[in-house]
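Residue numbers (full-length UniProt numbering): 1 to 192.
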């Protein structure tokens, strides 16, 4: 059992959790968006500004009997909606910065490489289908918020550039001081 769990742990790639990402960002000495491609950031921000749930692909919806209370209506109708969006189809309507994060979504189905969402709260098929589309939109916005940093102001960019410059200067100054100490110890510092 123990060997099986180790093998399983080695086969699954580590998933970055949002709280770990936020913690890591706090200790950086540069602007958070400095590590991103500016074109990808611009594309993602443009997508967010013009985001509309209606432009997302419709997906493939199937219906089945829902469970839980509802009496005869539940027994007679198939109102539970399961909508599947293949990642290839869904990725076409998303910015490239969000596409890799789809596989870490709670709705991701590894078996068929797709996003699969179910709804059965409403008594009608169309309402449950609409719920699925709303859940997809909410998940995409959550991924956007987690992955795409807010725009950094010019002040902050200048601040981090100044910090980077002073850090570099301090490091060089310390190196020169250390090398002068070593030179002094070797006798090169004495002039007779």
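Virtual Cβ for every residue (Gly too), placed ideally from N, Cα, C.
| Check | Outcome |
| --- | --- |
| Could you have a look at residue 183 and say whether DSSP puts it in helix, strand or coil? | helix |
| Could you check how far apart the C-beta atoms of residue 147 and residue 87 are, in whole angstroms? I think they sit under 8 Å. | Not really, about 16 Å apart at Cβ, beyond 8 Å. |
| Any contact between the region 129-141 and the region 169-178? By contact I mean 3 or more CB pairs, one from each, below 8 Å. | no |
| If we call anything under 7 Å between Cβ atoms a contact, is residue 78 one with residue 65? | yes |
| Beta carbon of residue 95, beta carbon of residue 44: below 7 Å? | yes |
| Do you know offhand how far residue 27's Cα is from residue 56's? | Note that residue 27 scores 49 on pLDDT, short of 50, meaning its location in the model is unreliable and no value can be drawn from it. |
| Going by C-alpha distance, which of 69, 83 and 169 is nearest residue 118? | 83 |
| Out of 144, 60, 165 and 152, which has the shortest C-alpha to C-alpha gap to residue 38? | 152 |
| Taking 7 Å as the threshold (C-beta atoms), are residue 139 and residue 104 in contact? | no |
| Buried or exposed for residue 187, going by 16 or more other Cβ atoms inside 10 Å? | exposed |
| Do you know whose CA, among 63, 48 and 169, lies nearest residue 124's CA? | 63 |
| Let me make sure I understand the geometry here. Which of 185, 145 and 115 has the alpha-carbon closest to that of residue 47? | 145 |
| In this structure, does DSSP put residue 84 in helix, strand or coil? | strand |
| In angstroms with no decimal places, state the Cα-to-Cα distance between residue 29 and residue 137. | Any reading at residue 29 must be qualified, since the residue scores a pLDDT of 48, below 50, and its modelled position is unreliable; the value itself is stated next. Approximately 34 Å between the Cα atoms of the pair. |
| Let me know the secondary structure DSSP gives residue 120 once reduced to three states. | coil |
| Within 10 Å of its beta-carbon, does residue 114 have 16 or more other beta-carbons around it, so buried, or fewer, so exposed? | buried |
| Taking only runs of the alpha helix (DSSP H) that begin and end inside the region 100-163, which ones reach a length of at least 4 residues, in chain order? | 125-147 |
| Give the DSSP-derived three-state secondary structure of residue 64 in the structure shown. | strand |
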